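Residue numbers (the working numbering), protein chains in the order written: chain A, 140 to 466; chain B, 18 to 508; chain C, 222 to 536. The beta-carbon is built from N, C-alpha and C at its ideal position, and this holds for glycine as well. Model, not experiment: these values are computed from the prediction. Scroll down for the structure; my scribbles are underneath it.
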Amino acid sequence: MNSVSGASVIRIPWAGARTPRRILRAILPALSLALVVMGIAWLNPRAISYFGLNLMLNLGIPVALATIAQMFVITVNDLDLSIGTFVSFVGCVAATWLRDAPLLGVIALLAGVGVYALIGALIYLRNVPSIVVTLGMLFVWQGLAILVLPKPGGKAPDWLHGLMNFHTPYVPFPIIAAIAIAALVHIGLMGTSYGAILRGSGGNPNAIARAGWSLLKTKVVMFALAGVFGVVSGLALIGLTTSADANIGKGYTLLSIAGVILGGGEFVGGRVSPIGAVIGALTLTLAGSLLNFMRVSPDWQVGAQGAILIIVLAARAIINRTDRRAL
Amino acid sequence: MSGTTVNIVKLDGVEKHFGAVRALAGVDFEVGTGECVGLVGHNGAGKSTLMHILAGTLVPDKGEIIIGGEPRQNYAVVLAQKLGIRCVFQELSLCPNLTVAENGRVLHPSIAGWGWRSRAGKLIGSKLDEIFPRHGIAPNAIVGDLPIGQRQMIEVARAFTTTNDPLHLVILDEPTSSLDRQTARQLLSYVRRIVASGASCVLISHLLGEILEYSDRIVVMRDGKVVMADRASGFNRDKLVTAMGGATQTKKQAAVEAAVPRRTTPVRVRARPVHQSDGIELVAHQGEIVGLAGLSGHGQTELLLSIFKGASRRLPGIEVTDPVALIAGDRQSEGIFSLWSITENIGIRSIGRLRNGLLISSELEDRLAESWKKRINIRTPDMRNNILSLSGGNQQKALFARALGSEAKIVLMDDPTRGVDVSTKLEVYELIRAEAQAGRTFLWYTTEMEELENCDHVYVFRNARIVADLRRGELSEELVIHSSFQDAAVL
Amino acid sequence: MRFPGTLNVFAKPWIWSYLGALLVWLAAIAFTHGYGAGGMITAGLALAVFSVIAGVAQMFVITLGPGNVDLSLPANIGLASAVAMKVMNGSDQMIAFGLLAAVASGVSIGVANHLLISLLRIPPIIATLSASFIIQSAGISYGRGLQIKPPPGFAEFTTAQVDGVPLLAIGTAIFTIGIAVLLHRTVYGRSVLAIGQNTRAAWLAGIAVERVRAATYVLSGALGGICGALLAGYFRGSSLEIGDEYLLASIAVVVIGGTSVSGGKANVPGLWGAALFLVLLLTMLNTFGVSAGIRFVVTGLVIIGVIIAAGGQKG
Numbered sequence: 140m141n142s143v144s145g146a147s148v149i150r151i152p153w154a155g156a157r158t159p160r161r162i163l164r165a166i167l168p169a170l171s172l173a174l175v176v177m178g179i180a181w182l183n184p185r186a187i188s189y190f191g192l193n194l195m196l197n198l199g200i201p202v203a204l205a206t207i208a209q210m211f212v213i214t215v216n217d218l219d220l221s222i223g224t225f226v227s228f229v230g231c232v233a234a235t236w237l238r239d240a241p242l243l244g245v246i247a248l249l250a251g252v253g254v255y256a257l258i259g260a261l262i263y264l265r266n267v268p269s270i271v272v273t274l275g276m277l278f279v280w281q282g283l284a285i286l287v288l289p290k291p292g293g294k295a296p297d298w299l300h301g302l303m304n305f306h307t308p309y310v311p312f313p314i315i316a317a318i319a320i321a322a323l324v325h326i327g328l329m330g331t332s333y334g335a336i337l338r339g340s341g342g343n344p345n346a347i348a349r350a351g352w353s354l355l356k357t358k359v360v361m362f363a364l365a366g367v368f369g370v371v372s373g374l375a376l377i378g379l380t381t382s383a384d385a386n387i388g389k390g391y392t393l394l395s396i397a398g399v400i401l402g403g404g405e406f407v408g409g410r411v412s413p414i415g416a417v418i419g420a421l422t423l424t425l426a427g428s429l430l431n432f433m434r435v436s437p438d439w440q441v442g443a444q445g446a447i448l449i450i451v452l453a454a455r456a457i458i459n460r461t462d463r464r465a466l
Numbered sequence: 018m019s020g021t022t023v024n025i026v027k028l029d030g031v032e033k034h035f036g037a038v039r040a041l042a043g044v045d046f047e048v049g050t051g052e053c054v055g056l057v058g059h060n061g062a063g064k065s066t067l068m069h070i071l072a073g074t075l076v077p078d079k080g081e082i083i084i085g086g087e088p089r090q091n092y093a094v095v096l097a098q099k100l101g102i103r104c105v106f107q108e109l110s111l112c113p114n115l116t117v118a119e120n121g122r123v124l125h126p127s128i129a130g131w132g133w134r135s136r137a138g139k140l141i142g143s144k145l146d147e148i149f150p151r152h153g154i155a156p157n158a159i160v161g162d163l164p165i166g167q168r169q170m171i172e173v174a175r176a177f178t179t180t181n182d183p184l185h186l187v188i189l190d191e192p193t194s195s196l197d198r199q200t201a202r203q204l205l206s207y208v209r210r211i212v213a214s215g216a217s218c219v220l221i222s223h224l225l226g227e228i229l230e231y232s233d234r235i236v237v238m239r240d241g242k243v244v245m246a247d248r249a250s251g252f253n254r255d256k257l258v259t260a261m262g263g264a265t266q267t268k269k270q271a272a273v274e275a276a277v278p279r280r281t282t283p284v285r286v287r288a289r290p291v292h293q294s295d296g297i298e299l300v301a302h303q304g305e306i307v308g309l310a311g312l313s314g315h316g317q318t319e320l321l322l323s324i325f326k327g328a329s330r331r332l333p334g335i336e337v338t339d340p341v342a343l344i345a346g347d348r349q350s351e352g353i354f355s356l357w358s359i360t361e362n363i364g365i366r367s368i369g370r371l372r373n374g375l376l377i378s379s380e381l382e383d384r385l386a387e388s389w390k391k392r393i394n395i396r397t398p399d400m401r402n403n404i405l406s407l408s409g410g411n412q413q414k415a416l417f418a419r420a421l422g423s424e425a426k427i428v429l430m431d432d433p434t435r436g437v438d439v440s441t442k443l444e445v446y447e448l449i450r451a452e453a454q455a456g457r458t459f460l461w462y463t464t465e466m467e468e469l470e471n472c473d474h475v476y477v478f479r480n481a482r483i484v485a486d487l488r489r490g491e492l493s494e495e496l497v498i499h500s501s502f503q504d505a506a507v508l
Numbered sequence: 222m223r224f225p226g227t228l229n230v231f232a233k234p235w236i237w238s239y240l241g242a243l244l245v246w247l248a249a250i251a252f253t254h255g256y257g258a259g260g261m262i263t264a265g266l267a268l269a270v271f272s273v274i275a276g277v278a279q280m281f282v283i284t285l286g287p288g289n290v291d292l293s294l295p296a297n298i299g300l301a302s303a304v305a306m307k308v309m310n311g312s313d314q315m316i317a318f319g320l321l322a323a324v325a326s327g328v329s330i331g332v333a334n335h336l337l338i339s340l341l342r343i344p345p346i347i348a349t350l351s352a353s354f355i356i357q358s359a360g361i362s363y364g365r366g367l368q369i370k371p372p373p374g375f376a377e378f379t380t381a382q383v384d385g386v387p388l389l390a391i392g393t394a395i396f397t398i399g400i401a402v403l404l405h406r407t408v409y410g411r412s413v414l415a416i417g418q419n420t421r422a423a424w425l426a427g428i429a430v431e432r433v434r435a436a437t438y439v440l441s442g443a444l445g446g447i448c449g450a451l452l453a454g455y456f457r458g459s460s461l462e463i464g465d466e467y468l469l470a471s472i473a474v475v476v477i478g479g480t481s482v483s484g485g486k487a488n489v490p491g492l493w494g495a496a497l498f499l500v501l502l503l504t505m506l507n508t509f510g511v512s513a514g515i516r517f518v519v520t521g522l523v524i525i526g527v528i529i530a531a532g533g534q535k536g
C-alpha cells in the first residue's frame with residue numbers, strides 16, 4: 140500500500156520512487172511537524188510532556204476531522220468553503236438539541252449529512268462550480284447555527300464530554316485519536332477497492348466513466364463522507380469546549396485546506412493523503428502554540444495561517460519546477 | 018462444424034458524418050477468430066473513427082454492428098466489454114494518481130473484498146510478465162510517476178487482462194508509438210501468440226514493417242472507405258503505399274505560375290525542430306507558401322507553436338522577423354469565441370488598430386468584418402450574429418479573416434481546413450494564393466495531400482524531425498507518403 | 222444570447238433581478254402599510270452602492286474564467302477603511318490623500334495576489350484566501366481595533382442626497398457606465414472577455430494573457446480600496462469587519478446579475494439590479510422582523526438557487 144505523499148510511510152515504492160520530487164513530497168508533512176515540535180521543545184521544553192502535549196493537541200482533533208472532510212472534497216477536484224460554518228452548526232446542535240432532545244439532534248445531524256450529499260449531486264448534475272455553491276452554503280449553515288443557538292452557551296452531552304476527555308495511559312488521548320482517524324481513513328480511501336475508484340474519479344473521470352462506474356455516485360459518496368466527518372468534527376469540538384457559540388468553527392475552512400495541502404494533497408488530480416492530512420492538521424495546531432511561545436502577537440496568528448499555506452505551496456512549486464522529468 | 022471462419026465482429030455498411038464531413042462513407046469490415054488484422058491508411062482515412070465505433074465509443078449514423086453472429090442494438094463500451102472487445106487508443110486512459118494494480122481494478126469490478134489489491138496486482142503483473150518479460154514495473158507504483166513508455170505498456174497489458182468477461186478482440190491503435198524497439202517487438206510477438214490461441218486483434222500502425230510482419234490480413238482505407246483488403250502475404254511495402262496514395266481526385270486549378278522562386282526575397286522565418294540533429298531547418302521567404310506534411314502528430318504543430326512563441330520572445334533555433342498570426346485547426350478549443358458575434362471574432366486580433374482614440378470603434382470593427390465577408394464570402398445575413406450560427410466551414414473562414422485581417426506578415430496554419438467542406442476549401446486556397454502574391458508568408462501544416470499542391474515548398478515531418486525537403490517541381494504525393502512511412506532505422 | 226442549458230425563465234436573470242427588487246420592495250411596504258417607502262429606496266440605493274463597487278471588482282476577476290475569484294476582497298475592504306481613516310485623520314484637507322492611500326493599499330493587495338498566482342502557481346482561490354488572512358492580521362496590528370472617525374466633509378459627502386437620491390449612488394451609476402465602456406469598448410475589456418471564453422484561443426489570437434490577468438487583480442484590489450474608504454465614510458468609522466458581508470454580496474450580485482461563472486460573459490447593468498434586490502430583500506426581512514439567522518439562510522439559499530438554476534457550461 141503506497142501513497143506518494145503519505146508522510147510516515149515506511150516502505151518506499153519501487154519503480155519511479157527515487158525522483159527527488161516524490162521523496163520531498165512524501166517527507167514534507169512529517170518534516171514540518173518535526174520542525175514545529177523541535178521549535179516548541181527549544182522554546183519551552185516542559186511543553187513536551189504528557190500534560191503539555193495533551194493540552195496543545197486537544198483542539199487538533201476537530202481540526203484533523205475537518206481536514207479529512209475537506210480532503211474528501213478535494214479528492215474529487217472540488218473545494219468546500221462551508222466546512223467552517225458547518226462545524227459551527229453541528230456544534231450548536233450538539234450543545235443544545237443533542238442534550239435536551241437527542242432524537243431531534245440526531246435527525247438534524249443526519250439531515251446535515253444528507254444536505255452535503257445533495258450538494259454533491261447538484262454540483263455534478265448541474266455542472267456548477269463548488270466554490271459558489273459552498274459559499275452559499277456557508278451562509279446557510281451560519282444562519283442555521285444562529286437559529287439553533289442565538290447566544291453563546293449550551294452544554295455538551297455528558298457522554299461526548301467524557302469521550303473527548305478520556306484519559307489514556309502513557310500516550311496523550313489526542314495522539315491516539317489522531318492515529319486512529321488517520322488509520323481508519325487511510326484504510327478506507329487508500330485500501331479498499333472502491334476507494335481506488337473514488338480516487339480515480341478525481342484523477343481521470345472520463346476513464347472511470349468509460350469503465351462503467353457512476354461518476355454521480357462517486358461525487359455523492361465523497362460529499363456525504365465530508366458531511367459525516369464534518370459532523371464528527373463538530374461533536375469532537377463541543378466535547379472539548381463543552382459549550383458552543385455560532386462562530387465556533389470560524390477559521391476551520393482555511394485550516395482544513397491548509398492541512399490537506401500541507402499533508403501533500405493537490406487541488407486537482409485526486410492525489411491526497413489521509414495520513415498527511417492528519418499530520419498537517421496537527422502541525423497547524425501546534426504552530427499556534429509555537430507562535431504563542433515565540434511571543435508572536437495574537438494579531439498575527441491569523442495571518443500566520445495564511446502565510447504557512449503560501450509557504451507550503453511555494454515550496455511545492457519550487458519542487459515541481461526542479462523535477463526535470465516531464466509528466 | 019462449418020468450414021468457414023467464424024467472424025467475431027462484422028461491421029456492415031457503416032457510415033459516420035461529423036457535420037459536413039464524411040468520416041466513413043459505407044465501410045464493410047470484419048475480423049475472424051484467431052487473426053490479426055492490420056489497418057492502414059493516411060490521415061483522414063477513417064481508421065480511428067471505425068475503431069471507435071467498433072469499441073462502442075461512437076455511434077454510427079448508418080450500418081450494422083454484428084458481434085458473435087448477432088446484430089447489436091444500443092452498442093456501447095460496457096456492452097463491448099462484456100462481449101469481449103477491448104481497445105487501447107492513443108489517448109491513454111489510466112488514472113495517473115492510482116497505482117498500477119488499482120488501475121487494473123478499475124477495469125475489473127469483480128476484483129473486490131479482502132485481498133483485492135494483491136489479486137489485481139497479480140493480474141496485471143502476470144500479464145506484464147507475459148507480454149514484456151523483465152519489464153521492471155512494480156504493481157504498487159503510481160502511474161503518474163512513470164515514464165510514458167511504461168504507461169503505455171501498462172495500458173496495453175491491462176487491455177489483455179481477463180476476469181469475468183471473455184477476451185475475443187483487442188484493438189490496438191498505434192500501440193508502439195511510445196515504446197522502444199525491443200519492447201515493441203515483445204508486444205507484437207505476444208499478439209501473435211494470443212492470436213494463435215484463438216483471440217483476435219486489430220492493429221493500426223504507421224510502421225508498415227510491423228504491419229507486414231505481424232498481420233494475417235491487411236485492410237487499407239482511404240477517404241472513409243476500404244480500398245483494398247487481402248492476406249498480408251499478398252502485400253509488400255510499395256503495394257501498400259500505392260494503395261494508400263491512390264488515384265488523385267479531379268484536377269483542380271493549377272497553382273499560379275508566377276510562384277516566387279526561393280532565395281530571392283527576404284527570409285521571414287527560420288525554425289529548427291528541437292530534435293533535429295542534422296542541421297536541416299525550415300526556411301520561409303516573403304511571399305512563399307511553405308507546407309508542413311507527414312503523418313499527423315509528428316511534430317508539425319509543435320514547430321508552428323514554437324514559431325508563434327518565437328515571435329514575441331527569444332527561443333533557441335527560432336528566428337522570426339515580422340508579426341505572426343495563427344489559424345487553428347481545432348476551432349472549438351483553440352479558435353472560436355463562442356459567445357461572441359462573427360464581427361467580434363474577426364476583430365479580436367486587430368482590436369488595437371480598430372480604435373478611435375482610446376475606445377474601440379464599432380464602425381471600424383463593422384467595416385473590417387464587412388470587407389472580409391465579401392472577400393472571403395462568409396455566408397450569413399448579419400455579421401453581428403453569433404459565430405455559432407455559421408456552418409463549420411464559414412466559422413473557419415471567420416478564423417481566416419481574423420488572421421488575414423490583422424497586420425501579421427507571417428500566417429501559421431495548423432491544419433486549418435480540417436472538417437471543412439470542399440467548396441469552402443477552394444475559396445480558401447484562392448485567398449491564400451492571392452495573399453501570398455501580395456507578400457504574405459504562409460506556413461501551412463496540412464494532413465491533406467491535395468492542399469500541398471498550393472505550396473511552393475514542402476517539408477515532410479516524421480518523429481518530430483524534418484525528413485524531406487521538396488520543391489514544387491519535385492513534389493508528388495507518392496514521395497510524401499514514402500517519407501512519412503519510412504520505418505525509422507533506429508528509434 | 223441564451224445561456225445554454227438553462228430554463229428559459231432565467232434566460233435574462235438580470236432583468237428578473239430588477240423585477241425581484243421591485244417585488245420585495247412592494248412586499249416590504251405592504252407590511253408597513255406604505256410607511257417609509259421612499260426611505261427604503263434611498264437607503265437601498267445607498268447600500269447597494271457598496272455591493273456594486275465590490276461586484277464590479279469580482280465581476281472582472283470571475284470573467285477571467287473558471288477558478289478565478291477574489292476571496293481577499295473583504296479583508297481588503299476592512300484594511301482600506303482603516304488606512305483611509307488613519308491617513309485622513311479627521312481632517313478635510315487630507316481627504317484626497319486618504320483616498321489615495323486606500324487605493325494604494327488595495328493595489329498592493331492586487332499585485333500580491335497576482336504574484337502568488339503567477340509566480341508561485343497557487344490557484345486563485347487559495348492565493349486570495351491565504352492573502353485575506355495575512356491582510357486581516359496586517360489590519361489588526363495596523364488598526365489596533367480603534368474606530369477612527371472620518372473627516373466631517375467626507376462623511377457628509379458619503380451620505381449626501383439630491384432629492385432623496387444619494388449622491389454616492391449617482392456617482393456610482395456614472396462609474397458603472399464607465400465600467401461598461403471599459404468592458405466592451407477597450408482592448409483591456411475585450412481581452413478579459415476573450416480570456417474568459419477560451420484562454421488558449423485568446424493566447425493564439427495574440428492577447429497578452431498574463432498582463433491582462435495582472436491588471437484585473439490589481440483593478441479588483443483598487444476597487445476594494447475605494448469601497449473600504451467609502452464604507453468608512455458612510456458608517457462614520459473604520460472597522461476591519463466592515464467588508465465581511467461583501468464576500469457573498471460581491472459574488473452574489475455578479476451571479477444573480479447575469480455574469481457567467483464560467484467566464485467570458487459579464488453583465489454590468491445586472492449588478493445594480495442584483496444589488497438592489499439583495500439589499501431590499503434584507504430590508505424586507507428586517508421589516509418582517511426576522512432574526513439574523515433567517516437572513517443568513519435566505520441570502521445563502523438565494524444565491525445557491527440562482528446558480529443551480531442557471532447551470533454551468535455543458536461538457
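- Under the three-state reduction of DSSP, A/PRO308 is assigned to coil, being neither helix nor strand.
- Taking A/GLY293 as the centre and dropping the five residues before and after it, the same chain places the C-beta of ALA234, THR235, SER382, ALA383 closer than 6 Å to its C-beta, in chain order.
- When 9 Å is used as the limit between beta carbons, A/SER332 is near these residues of chain B: GLU119, ARG122, PRO126, ILE128, ALA129, GLY130, TRP133, ARG134, ALA137, in chain order.
- Per DSSP, reduced to three states, the secondary structure at C/PHE456 is coil, with no helix or strand assignment.
- Looking only at B/MET245, B/LEU204, B/ARG239, the smallest Cα-Cα distance to B/TYR231 is reached by B/LEU204.
- In the structure shown, the three-state DSSP call for B/SER423 is coil.
- Between the alpha carbons of C/LEU247 and C/LEU492 lies a distance of about 20 Å.
- Taking C-alpha positions only, B/GLY410 is separated from B/THR397 by approximately 12 Å.
- A residue is called buried when at least 16 other Cβ atoms come within 10 angstroms of its Cβ; B/ALA451 does not meet this threshold and is exposed.
- Put simply, of B/GLY121, B/ARG331, B/GLY327 the residue whose alpha carbon is nearest the alpha carbon of B/THR179 is B/GLY121.
- In the same chain as B/GLU444, and ignoring 5 residues on each side of it, the C-beta atoms closer than 8 Å to its own belong to ILE393, ASN394, LYS414, in chain order.
- Contact between B/SER222 and B/THR193 holds, since their C-beta atoms are separated by about 7 Å, short of 8 Å.
- At a cut-off of 8 Å between beta-carbon atoms, B/LEU405 makes no contact with chain C.
- For B/ALA345, the residues of chain C that pass the 8 Å Cβ criterion are ALA422, LEU425, in the order they occur in the chain.
- The stretch 345 to 364 of chain B makes contact with the stretch 418 to 434 of chain C, as at least three CB pairs between them are under 8 Å.
- In this chain, the beta strand (DSSP E) harbouring B/PHE35 covers 24 to 35.
- In this chain, the alpha helix (DSSP H) harbouring A/LYS356 covers 354 to 380.
- Among the CB atoms of chain C, none fall inside 8 Å of the CB of A/LEU401.
- If the five residues before and after C/ASP465 are omitted, its C-beta is found closer than 7 Å to the C-beta atoms of PRO295, all from its own chain and listed in chain order.
- Residue pairing from DSSP leaves A/CYS231 without any beta-bridge partner.
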